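Asker:
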Amino acid sequence: MSAFTAESGSRSAERGRLFAQPVAVLLIVAAVLVWAFTTDLDTVEQESINASSILTYTWQHLVLSVVITILVLVIALPLGVMLTRRWAKPAAPVFLAIANIGQAAPAVGVLVLFFLWTGLEGVAAAAPPIAFYALLPVLRNTIVGIQQVDPALVDAGRGIGMSSGAVLRRIELPLAIPLILAGLRTSLVLAVGTATLAQFVNGGGLGEMIDTGYKLDRVSVLTVGAVLAVALALLVDWLGAVAERYFGPKGIG
Amino acid sequence: MNLFEYVADRWGSLSLQGLLHASAVVQCTIIAAVIGVLVGIAVYRSPLGSALATALASAILTVPSFALIGLLIPILGLGVEPSVTALVLYGLLPIVRNTIVGLGGVDPSITDAAKGIGMSRLGVLSRVELRLAWPAILAGMRVATQLMMGILAIAAYAKGPGLGSEIFSGLVRAGSANSLNQALAGTLGVVILALLLDGIYALIGRYTTSRGIRG
Chain L
1 MSAFTAESGS RSAERGRLFA QPVAVLLIVA AVLVWAFTTD LDTVEQESIN ASSILTYTWQ
61 HLVLSVVITI LVLVIALPLG VMLTRRWAKP AAPVFLAIAN IGQAAPAVGV LVLFFLWTGL
121 EGVAAAAPPI AFYALLPVLR NTIVGIQQVD PALVDAGRGI GMSSGAVLRR IELPLAIPLI
181 LAGLRTSLVL AVGTATLAQF VNGGGLGEMI DTGYKLDRVS VLTVGAVLAV ALALLVDWLG
241 AVAERYFGPK GIG
Chain B
1 MNLFEYVADR WGSLSLQGLL HASAVVQCTI IAAVIGVLVG IAVYRSPLGS ALATALASAI
61 LTVPSFALIG LLIPILGLGV EPSVTALVLY GLLPIVRNTI VGLGGVDPSI TDAAKGIGMS
121 RLGVLSRVEL RLAWPAILAG MRVATQLMMG ILAIAAYAKG PGLGSEIFSG LVRAGSANSL
181 NQALAGTLGV VILALLLDGI YALIGRYTTS RGIRG
């Protein structure tokens with residue numbers, strides 16, 4: 001299921017986004033911030049729309065996204081590698097099926113359930129379920145990326161006396177990196193986007209501005225929070241695209 | 001009360017919410033399919049147009065759904081309008097992308113042959129190209145449906161229809177007797193509906209694919 005990829009599937013489209021996206025993001029953010037700081041704000045709006053709260057919310061959002069990304073990498077990469085080892089191969093479809101069903105679950109539902117079950121709050125309550133939700137693209141692409149390595153190359157590596165660990169490190173993983181990076185980009189976009197829901201479990205972040213604006217009926221607060229969240233997601237997507245382009249191995253692609 | 005007792009007790013309202021959820025997603029998929037296929041037809045012959053359409057649609061998919069729904073509230077108010085708008089926007093990318101790929105993948109010699117026997121441009125499109133691209137378009141709709149299932153749950157924040165309201169009221173009533181059951185029923189309900197619709201897509205694919213290209 002390639003459900004959650006933001007990949008447009010076209011090379012020229014990707015190239016266009018590489019240039020247009022950061023420019024568009026900067027323009028939108030600048031426009032909204034100028035608008036928010038030049039209009040007359042009432043005291044309620046001033047509570048949320050000031051440099052220090054905006055920075056705090058953005059910082060919380062970034063920290064949460066980083067924690068989620070670390071969790072995704074620490075879980076999905078080793079799991080993906082393990083599931084391509086010969087002794088664990090039969091388990092791969094099982095794990096992928098579980099992960100697929102997990103992703104069919106609504107993110108907000110997983111988040112709320114984890115919160116109700118554990119009673120945790122804040123980042124501890126938000127990061128694990130969002131990481132679980134955002135993990136599938138990296139897991140799937142790691143498995144597929146290693147599986148599609150030409151078996152002749154693996155054989156050749158073994159033939160010149162490499163251990164299976166060395167084959168993994170020096171042949172299989174480098175060749176799988178483009179796909180793993182693509183999966184990571186999708187996961188990152190999912191993580192930053194889903195992090196807007198963290199405020200439901202007191203996890204802070206830009207979602208809190210959206211919620212505050214909605215509950216207190218202040219469109220300006222809602223708009224600033226939402227636009228910053230959108231900009232952050234587009235920026236992370238762009239960084240992912242840049243990483244895919246420049247950190248992929250040079251020998252292939 | 002355990003989950004089963006809870007579901008049995010609230011079956012009336014849960015099944016109604018589930019029905020609303022599925023029906024909203026299916027209707028939005030159809031709207032997104034109509035728009036997406038029209039956009040795909042309009043741009044698939046021009047590389048620049050295709051690139052622009054897919055880039056724009058994939059940028060939309062990057063937008064966090066909670067942020068988009070939040071932004072739609074001041075414009076469209078609460079309830080059905082923001083929910084439907086958000087779902088259709090998110091459903092566009094997979095359908096537009098697959099329409100372009102599907103139509104672009106039709107063998108030119110086939111369309112040439114169709115033109116050669118005197119078919120009009122519209123005839124070629126509707127009787128040859130679209131039928132050959134249909135499996136790809138349907139696959140795009142399937143992905144769109146799966147995406148919408150989860151996003152509609154978030155749209156309950158803007159008073160959208162469906163099972164998301166169960167999840168949110170479970171959250172609001174955290175600590176009270178049935179809050180966990182309520183959130184669990186809402187979440188599992190969405191999973192079950194998603195798997196059910198996915199199965200239906202497999203069936204539709206089987207019976208609507210042109211006989212010549214059926215595997």
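Each protein sequence line maps, in turn, to chains L and B.
All residue numbers in the first sequence are consecutive under UniProt numbering, ending with 253.
All residue numbers in the second sequence are consecutive under UniProt numbering, ending with 215.
Here a beta-carbon is modelled for each residue, glycine too, at the ideal position from N, C-alpha and C.
Since the model is a prediction, treat every value here as computed from it, not as a measurement.
#1: Please report the distance separating the alpha-carbon of residue 178 of chain L from that of residue 240 of chain L.
#2: Go through its chain and collect everything with a Cβ distance to residue 192 of chain L's Cβ below 7 Å, but skip five positions before and after it.
#3: What are the residues of the segment 169–181 of chain B that lie near chain L, defined by any Cβ-Cβ distance shorter than 8 Å?
#4: If we call anything under 8 Å between Cβ atoms a contact, is residue 44 of chain B one with residue 185 of chain B?
#5: So, at 7 Å on beta carbons, what are the nonlocal neighbours of residue 73 of chain B in its own chain, with the 5 sequence-adjacent residues on each side left out?
#6: Using the three-state DSSP reduction, which class does residue 176 of chain L fall into: helix, strand or coil?
#7: Can you find a CB in chain B that lies within less than 8 Å of the CB of residue 234 of chain L?
#8: Which of the three DSSP states, helix, strand or coil, is assigned to residue 49 of chain L?
#9: Interface residues of chain L around residue 62 of chain B at Cβ under 7 Å?
#10: Can you give the Cα-Cα distance for residue 31 of chain B and residue 91 of chain B, rounded to whole angstroms?
#11: Between residue 140 of chain B and residue 97 of chain B, how many whole angstroms is the CB-CB distance? I'm expecting something under 8 Å.
#12: Taking only beta-carbon positions, decide if residue 84 of chain L is within less than 8 Å of chain B.
#13: Should residue 223 of chain L be flagged as near chain B, meaning a C-beta pair shorter than 8 Å?
#14: Using 8 Å as the limit for Cβ to Cβ distance, is residue 17 of chain L near chain B?
#15: Assign residue 131 of chain B to one of three DSSP states: helix, strand, or coil.
#16: Could you pull out every residue in the same chain whose Cβ sits closer than 7 Å to the Cβ of residue 134 of chain L, ignoring the five residues on either side in sequence?
#17: Please list the residues of the segment 189–208 of chain B that have a C-beta atom closer than 7 Å to any C-beta atom in chain L, keeping them in chain order.
#18: Please report how far the alpha carbon of residue 132 of chain B lies from the alpha carbon of residue 41 of chain B, in whole angstroms.
#19: Which of the three DSSP states is assigned to residue 107 of chain B in this structure?
#20: Can you tell me the Cα-Cα spacing of residue 47 of chain L and residue 54 of chain L, whole angstroms?
#21: Can you tell me which of L:171, L:132, L:136, L:164 puts its alpha carbon nearest to the alpha carbon of residue 149 of chain L?
#22: Could you please give the first and the last residue of the uninterrupted alpha helix (DSSP H) stretch that includes residue 109 of chain L?
#23: Counting only Cβ pairs nearer than 7 Å, list the residues of chain B close to residue 113 of chain L.
#24: Using a beta-carbon distance below 8 Å, is residue 57 of chain L in contact with chain A?
#25: What is the C-beta distance between residue 105 of chain L and residue 191 of chain B, in whole angstroms, given that I count them as a contact (C-beta under 8 Å)?
#26: Is it the case that the segment 43–59 of chain B contacts the segment 97–113 of chain B, given that we only count it when at least three CB pairs across the two stretches are under 8 Å?
#27: Are residue 165 of chain B and residue 156 of chain B touching if we call contact CB-CB under 8 Å?
#28: Within the continuous alpha helix (DSSP H) that includes residue 164 of chain B, where are the two ends?
#29: So what's residue 32 of chain L in DSSP terms, helix, strand or just coil?
#30: Put residue 66 of chain B into one of helix, strand or coil per three-state DSSP.
#31: I need the straight-line Cα distance from residue 210 of chain B to residue 35 of chain L, nearest angstrom please.
Answerer: Taking the geometry as given:
#1: Using only the alpha carbons, I get a separation of about 11 Å.
#2: 65, 232, 233, 236
#3: 170, 171, 174, 179, 180
#4: no
#5: 82, 158
#6: Here residue 176 of chain L carries a helix assignment [DSSP, helix/strand/coil].
#7: yes
#8: coil
#9: 6, 189, 233, 234, 237
#10: 9 Å
#11: 7 Å
#12: Chain B, which has no Cβ nearer than 8 Å to the Cβ of residue 84 of chain L, makes this no.
#13: yes
#14: yes
#15: helix
#16: 68, 72, 187, 190, 191, 194
#17: Those residues of the segment 189–208 of chain B that come within reach of chain L (Cβ to Cβ, closer than 7 Å) are 190, 191, 194, 195.
#18: One C-alpha to the other measures close to 13 Å.
#19: Three-state result, residue 107 of chain B: coil.
#20: 10 Å
#21: Per the Cα distances, L:171.
#22: 107–118
#23: 183, 184, 187
#24: Chain labels in this structure do not include chain A; the protein chains are L and B.
#25: 5 Å
#26: Yes, the segment 97–113 of chain B touches the segment 43–59 of chain B.
#27: yes
#28: 164–172
#29: Of the three classes helix, strand and coil, the one that applies to residue 32 of chain L here is helix, per DSSP.
#30: helix
#31: Taking C-alpha positions only, residue 210 of chain B is separated from residue 35 of chain L by approximately 54 Å.
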